[in-house]
Amino acid sequence: MRPTEPITVWGRADSSNVQAVMWGAAELGLPVNRIDAGHRFGKLDTADYRAMNPHGRVPTLKDGDLVMWESCAILRYLASRYGDGGAFWPADPVARARVDMWAEWAKHEGANHFTYPVFWLSFRTPEAERDARQLAANIARWEQSLDMIEAQLTRHDWLTGPDFTLADIIAGHYLYRWFTLDLPRRPRPVVEGWYALLQDRPAYRQHVMISYDALRA
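Following the UniProt record's numbering from start to finish, the sequence shown increments by one per residue and tops out at 217.
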C-alpha cells in the first residue's frame, strides 16, 4: 500500500525524534514532505500548530485526514499501514511483540539516559556551566544501556534477530551522536559493528548522519 499523496512531517532535520521518523519512512519507501519547525525555525507556539499538536513539540505527522504526534507512535503507524508484514514490523503478533518490546525499551533508555543526561548536558550546555561529575555519572548510566544492547547483539546482527526491524531504528538513531560527541566511551566492538551496519543503509546516512552543530550551546 502506498499513500495517495506525500505524507507531511513537521520538524527540523536535526531533531533526533524527527530523524527516527524520517529514517523509518525512507526505509518503507514513503514520499514525505518535511517542513522545518522547532528550535531556530519556531512555529511550535502558533495556533495552527497547537491545533495539530497540543504539546508544541516535533515531530507531527499528517497522512490524509490523520494527524498524530509522538515519534514511536508515528513509526508504528507507518509500519502497520505501509509495511508488508515482514520482519521490519511483523504481522505475527508474537514476532511483533519481540520487536515492540525492544523498541519500547530503547525509546525509554535513549530518552531518559542519553538525550538529556548526556547530549544536552554536554553539547547543548556551555562548557563553563557543565557539571563534569554529573556528566560522568550520566555517561556511566548510558553505558549500562549499551551493555544490554551489546549482550543482545552477540546473538545476531540486528537488535531482535537476523533481520533489520523497527527496533533498530528506535535504538540506532541515538548512535550517530553518541559516536561523534567528544566524550569518553568504552570500546564496544559488537555495538560498533552494528553501527557500521546502520551506516551502510542509505536512509540512515541521509536522515541521521547529519550535522547537529546548530544545536551547540
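No residue lacks a Cβ here, since even glycine has one placed at the ideal position from N, Cα and C.
Residue range of the unbroken beta strand (DSSP E) whose run includes residue i
i: ASP63; result: 60 to 63
i: ARG186; result: Careful: ARG186 lies outside any beta strand (DSSP E) and carries neither H nor E.
i: THR180; result: Not the beta strand (DSSP E): THR180 falls in the alpha helix (DSSP H), residues 175 to 180.
i: VAL9; result: 7 to 10
i: VAL118; result: Looking at the DSSP string, VAL118 is not in any beta strand (DSSP E), and its letter there is neither H nor E.
i: ILE35; result: 32 to 35
Beta-carbon proximity of residue i to residue j, cut-off 9 Å
i: ASP63; j: THR8; result: yes
i: GLY172; j: TYR195; result: yes
i: MET209; j: TYR176; result: yes
i: ILE169; j: ALA103; result: yes
i: ALA167; j: ALA73; result: no
i: ARG133; j: LEU121; result: no
i: PRO54; j: LEU30; result: no
i: ARG76; j: ALA217; result: no
i: ASP163; j: ALA87; result: yes
i: VAL58; j: ARG12; result: yes
i: LEU197; j: ASP157; result: yes
Delimiting residues of the alpha helix (DSSP H) encompassing residue i
i: LEU78; result: 71 to 82
i: VAL18; result: 16 to 27
i: ILE139; result: 132 to 153
i: VAL94; result: 93 to 110
i: TYR212; result: Element bounds for TYR212: n/a, residue is neither H nor E.
i: ALA51; result: 47 to 52
i: ASP168; result: 166 to 172
Buried versus exposed call for residue i [16 or more other C-beta atoms within 10 Å across all chains shown]
i: LEU60; result: This sequence places Thr at residue 60; Leu is not what is there. Buried: at least 16 other Cβ atoms inside 10 Å.
i: GLU27; result: buried
i: GLN19; result: buried
i: THR165; result: buried
i: residue 218; result: With the chain covering only 1 through 217, there is no way to say anything about residue 218.
i: SER211; result: exposed
i: GLY83; result: buried
i: ALA51; result: exposed
i: ALA47; result: exposed
i: GLU192; result: exposed
i: ASP100; result: buried
i: ASN33; result: exposed
Candidates the options: closest to residue i by CA position
i: TRP10; options: LEU159, GLY83, ALA73 and VAL21; result: VAL21
i: GLU150; options: PRO189, THR4 and ALA47; result: PRO189
i: ALA141; options: HIS113, ALA13, THR125 and ARG216; result: This sequence places Arg at residue 141; Ala is not what is there. Residue HIS113 is the option with its Cα nearest to ARG141.
i: ALA79; options: PRO54, ASP182 and MET1; result: MET1
i: GLU127; options: LEU198, LEU66, LEU183 and GLN144; result: LEU183
i: ALA136; options: ASP163, PRO117 and TYR204; result: PRO117
i: ARG185; options: THR154, HIS207, SER71 and GLU143; result: GLU143
i: TRP178; options: PRO6, SER16 and ARG201; result: SER16
i: residue 224; options: MET101, PRO202 and GLY56; result: In this structure the chain extends from 1 to 217, so residue 224 is not present and cannot be described.
i: TYR174; options: THR154, HIS207, ARG155 and HIS156; result: HIS207
i: residue 235; options: ASP65, TYR204, LEU197 and LEU181; result: Given a span of 1 to 217 for the chain in the structure shown, any question on residue 235 remains unanswerable.
i: PRO187; options: GLU70, GLU109 and LEU146; result: LEU146
i: SER71; options: ALA111, GLY85 and TYR49; result: ALA111
i: TRP69; options: LEU181, TYR49 and THR180; result: TYR49
i: PHE119; options: GLN152, GLY85 and THR180; result: THR180
Heavy atom of the ligand ZN within 8 Å of residue i beta-carbon
i: LEU28; result: With respect to the ligand ZN, the structure shown offers nothing to examine, as it has no ligands at all.
Cβ contact (3+ pairs, closer than 8 Å) linking the stretch 88 to 97 and the stretch 37 to 46: No: the two stretches stay apart, fewer than three of their Cβ pairs being nearer than 8 Å.
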